[in-house]
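So that you can map any letter, position 576 of the sequence shown is 575 in numbering that gives the first Met the number 0, and since no number is skipped, the others follow by simple counting. Every residue gets a Cβ at the ideal spot worked out from N, C-alpha and C, and that includes glycine. This structure is a prediction, so every number in the text was calculated from the model and none was measured. Below: one structure, written as structure tokens.
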Amino acid sequence: MNYCKGILLAMALVALHILSFAQDMKVTSPDQKLMVKLYLNEGKLYYNVTLQGKEMIERSPLGLRGSQMDLSTGLKLTGQQLRKIDERYTEPKIKISSVNYQANELTCKFENASKNQLEVVFRVSNNDIAFRYQVPQTGEPATFVIEEELSGYKFPANTTTFLTPQATPMIGWMKSKPSYEEEYNPDQAMGVPSKYGVGYTFPALFHLGNDGWVLLSETGVNSLYCGSKLSEGTKDGHYKIAFPEKGENNGIGSANPTISLPGNTPWRTITIGRTLKPIVETTVPFDVVEPQYPASKNYTFGRSTWSWLLWQDESINFEDQKKFIDLSSAMGYELVLIDNWWDSRIGRKKIEELVTYGKEKNVGIALWYNSNGFWNDAPQTPKYKMNTASARKQEMAWMQKIGIKGIKVDFFGGDKQETMKLYEDILADANTFGLTVIFHGCTIPRGWEKMYPNYAGSEAVLASENLIFGQHANDKEAFNASLHPFIRNAVGAMDFGPVLLNKRHNRKNDGGTIRKTTETFQMATAILFQNPVQNFGITPNNLSDAAPHIIDFMKKVPTTWDNTVFIDGYPGKYCVLARRHGDTWYIAAINAETTEKTIDISLPMLSGTEATLYNDAEDRSPQIKQVKLNNSKKLKVKLLPGGANVIVAK
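Below, the structure written as structure tokens:
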């Protein structure tokens with residue numbers, strides 16, 4: 000009898016140990032404020048997130064499911080490991096050039112009844128979480144087709160959303176969607192159906208009332224996985240990871256990703272803050288990824304002019320491009336972008352002449368290309384030069400030979416794994432030939448600034464061309480601009496094409512759509528929007544018809560930053576953002592509301608007491624003056640509707 004009692008006691012102790020082991024799956028940030036806990040409930044895996052004890056993401060599912068194996072049910076914990084991460088890296092193309100990434104990492108290992116294994120990795124830094132799945136090979140199959148990723152995000156009932164819908168495939172101009180160019184709905188209730196009914200694009204911002212903010216996205220996506228999105232939400236606040244639509248890429252390729260075994264998914268990222276400061280300043284898209292290949296040369300980035308934006312297709316001729324090379328030279332800019340149709344309207348021999356002319360002016364040339372293989376009907380040429388390896392390498396060899404600096408590739412077909420491979424192939428081949436790459440009509444970047452040394456930005460936003468195409472974009476310009484630092488530009492470089500100084504958006508500044516924002520507002524977007532290559536919307540006439548102090552500012556403004564500090568703001572209403580290049584701070588404050596706003600800006604980062612202030616006069620004309628800061632380094636500024644202040648100081 001005593002022997003049996005001993006056996007039962009031992010079994011109870013083992014069961015208690017296993018139970019406590021299973022329940023004690025948690026990891027905290029280095030400052031102990033942010034915590035992730037994992038839970039097993041009847042073989043299914045869940046997690047939740049708390050910030051300073053407040054639940055920011057309620058219990059939400061985890062797991063993968065495929066035809067060969069189901070890694071979402073019947074799971075049991077087989078082990079876990081904690082480790083600290085303390086890494087330093089430099090990356091000039093992001094919002095902070097030198098980063099010290101400190102995090103705690105939890106790896107939990109699970110097994111199902113068929114002995115298939117799943118590892119779930121959570122990295123938690125101060126205000127940031129990144130998690131992914133690792134799948135070992137446990138038998139003969141060496142690949143895993145993932146039919147569903149269960150990763151979800153359950154938000155509290157008081158949450159509102161700042162989301163932009165995913166477009167259905169093969170719609171829009173020349174069947175060029177999805178292209179991440181839809182509008183945002185601010186402070187919308189959860190569970191409201193999206194415009195197209197197929198979910199939302201990353202990044203996705205959530206406001207948890209007085210409790211704070213959560214930004215969702217993903218990073219580390221390359222040719223080994225598809226780009227994901229966020230599902231439609233439920234009214235009780237549940238969203239989950241969703242894969243591309245089957246019709247993307249004209250229906251070619253699988254919508255479901257396949258990984259080789261052992262293999263892993265990309266990182267799902269969650270940035271959490273009581274305020275918006277961690278959202279704007281996050282570097283998590285770059286913290287958890289690694290370079291995919293070494294740089295073939297020392298790449299440089301900078302400022303560019305761009306005739307097509309305001310002068311449109313008619314400007315794609317030899318003489319007009321010389322005028323824009325002259326404009327870049329006069330501004331001290333490094334580049335000029337020659338847009339679509341150059342192969343037929345200028346010709347390759349004349350392009351070589353423009354490259355020679357540019358070299359004499361210290362201005363490099365970048366060329367536009369259509370990505371098209373089979374995924375849209377866009378007619379612009381050059382076509383069929385980027386979609387196959389042989390054509391691409393031949394074209395890039397010619398560009399390297401004549402001295403082209405970079406390319407802009409447009410009109411991609413979706414987020415399938417096949418498309419992600421095309422992005423990576425273009426980048427990798429371009430690196431072989433020493434070319435930088437900008438993508439348009441495309442997906443968001445997913446850690447690509449660090450992964451690919453020659454990557455120079457993506458559009459993936461309702462960019463400046465829409466200001467030319469319709470008045471609605473001009474009427475909403477300030478509103479949209481005030482969103483981007485908090486959402487789209489928070490996770491990666493954004494090639495918007497800012498700073499349009501013409502009052503009327505046409506060649507002669509006398510017709511077309513009407514700019515509603517001030518010239519100072521336009522200046523501010525050069526700081527507000529971050530991209531290592533800025534294709535500015537200034538035109539030759541601006542050298543004489545814009546205020547001299549604006550042109551002087553635009554000659555000096557940098558495109559790479561050593562630090563970024565969020566000061567104040569609210570998405571869709573206003574934003575005050577500071578960026579530092581070297582020892583000089585550039586502070587942009589914009590007002591997206593319809594009423595005048597007076598705010599106190601705190602600038603403790605400044606070492607001096609004097610600053611140059613660019614602002615708007617009562618008649619909305621631009622003005623400049625020197626100002627003194629008080630001992631507390633505060634400055635009271637007035638922001639007109641659709642207006643701005645820009646402060647430059649050390």
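Asked                                                                                                                                  : Found
Supposed close pair residue 518, residue 546 - CB separation, criterion 8 Å                                                            : 7 Å
Residue range of the beta strand (DSSP E) that includes residue 165                                                                    : First-last for residue 165: undefined, no H or E at that position.
Simplified DSSP state of residue 95, which is helix, strand or coil                                                                    : coil
Residue 237 - partner residues in DSSP beta bridges                                                                                    : 153
Cut-off 6 Å between Cβ atoms - residues of its own chain near residue 615, not counting five sequence neighbours on either side        : 517, 519, 639 and 642
Straight-line gap, residue 323 to residue 306 (C-alpha atoms, nearest Å)                                                               : 7 Å
Meets three-Cβ-pair contact criterion under 8 Å: the stretch 166-176 and the stretch 256-275                                           : no
Other residues of its chain near residue 219: CB distance less than 8 Å, five sequence neighbours each side excluded                   : 131, 265, 266, 287, 288, 445, 446 and 450
Member of 558, 208, 197 and 250 whose CA lies at the smallest distance from the CA of residue 650                                      : Not covered by the structure: residue 650. The range shown for the chain is 0 to 649.
Buried or exposed by the 16-neighbour rule on C-beta atoms within 10 Å, applied to residue 405                                         : buried
Residue 468 (DSSP reduced to helix, strand or coil)                                                                                    : helix
Rounded straight-line distance, which links the Cα of residue 537 to that of residue 658                                               : With the chain represented from 0 up to 649, any question about residue 658 goes unanswered, as that position is not in the structure.
Proximity to residue 150 [Cα-Cα], best of 163, 224, 64 and 374                                                                         : 64
Spatial distance of residue 383 from residue 235 (CA atoms)                                                                            : 47 Å
Whole-angstrom distance between residue 83 and residue 29, CA atom to CA atom                                                          : 9 Å
Cβ pair residue 401, residue 351 closer than 8 Å                                                                                       : yes
Residue interval of the alpha helix (DSSP H) (run including residue 548)                                                               : 547-555
DSSP-derived helix/strand/coil call for residue 361                                                                                    : coil
Residue 107 - partner residues in DSSP beta bridges                                                                                    : 79 and 119
Distance, residue 32 Cα to residue 498 Cα                                                                                              : 40 Å
Contacts around residue 114, its chain only, beta-carbon distance under 7 Å, and the 5 residues preceding and following it disregarded : 137
For residue 40: DSSP bridge partner residues                                                                                           : 43
Complete runs of the beta strand (DSSP E) confined to the stretch 435-501 [at least 3 residues]                                        : 435-438 and 454-457
For residue 314, the nearest candidate out of 325, 297, 334 and 339 (CA to CA)                                                         : 339
Assigned secondary structure, residue 382 (DSSP; H/G/I helix, E/B strand, else coil)                                                   : coil
Sufficient close CB pairs (3 or more, under 8 Å) joining the stretch 385-393 to the stretch 344-364                                    : no
The alpha helix (DSSP H) enclosing residue 284, as first and last residue numbers                                                      : 283-286
Same chain only: Cβ atoms within 8 Å of residue 609, ignoring 5 sequence neighbours per side                                           : 625, 626, 627, 628 and 648
Cβ contact check for the stretch 463-477 and the stretch 99-119: 3 or more pairs under 8 Å                                             : no
Proximity to residue 412 [Cα-Cα], best of 370, 199, 429 and 392                                                                        : 370
Residue from 88, 542, 205 and 515 with nearest C-alpha to residue 100                                                                  : 88
Closest Cα partner of residue 105 within the set 146, 129, 94 and 433                                                                  : 129
Per DSSP, cross-strand counterpart(s) of residue 301                                                                                   : Residue 301 pairs with nothing; no bridge assigned.
Outcome for residue 393 when other beta-carbon atoms lying within 10 angstroms are tallied against a minimum of 16                     : exposed
Buried or exposed (CB count within 10 angstroms, at least 16 for buried), residue 368                                                  : buried
Closest residue to residue 160 among 134, 207 and 116 (Cα-Cα distance)                                                                 : 207
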